[in-house]
Amino acid sequence: MGKILDMLYAGELHPADSVIQGCEEYDEMCRESLKEMERFTERLDEDMRAEFDTLMEHYLELTFMEKSHTFSHGFRLGAGIMCEVFCENGRDQA
805 MGKILDMLYA GELHPADSVI QGCEEYDEMC RESLKEMERF TERLDEDMRA EFDTLMEHYL
865 ELTFMEKSHT FSHGFRLGAG IMCEVFCENG RDQA
């Protein structure tokens, strides 16, 4: 078994936990987004803030579902491409 598969099996590799590192544009956008969120929620009364928090939780859940689906789809697509490449190479060498 390859090293990546060993790491996945042993629970040492967590693709969903990886974050964008070393991208100043991403970091700056995150900081700005948090500031905007704070400024916005400060203007809300308690009921509206609770409603907004619920809305944001749902949005984050949807985002997680979308990223999970996209990761799985991309992985399947990549694996399919590899199968196709190896099948074609096997036929060419036979």
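Read the sequence shown against the working numbering and you will find it ends at 898, with the numbers running on by one and no gaps.
From the three backbone atoms N, C-alpha and C, an ideal C-beta is built for every residue, glycine too.
Beta-carbon gap between residue i and residue j smaller than 7 Å
i	j	result
Thr845	Arg835	no
Check: residue i C-beta below 6 Å from any heavy atom of the ligand MN
i	result
Thr867	Absence of the ligand MN from the depicted structure is noted, as is the absence of any ligand whatsoever, leaving it without description.
Among the options, nearest to residue i - alpha-carbon criterion
i	options	result
Pro819	Ile885, Met886, Thr874	Thr874
Three-state secondary structure (DSSP) of residue i
i	result
Ser837	helix
Gly816	First, the amino acid is wrong: residue 816 is Glu here, not Gly. It is coil, neither helix nor strand.
Arg847	coil
Cys891	helix
Ile824	coil
* **beta strand (DSSP E) segments (min. 3 residues) lying fully within the stretch 858-886** => none
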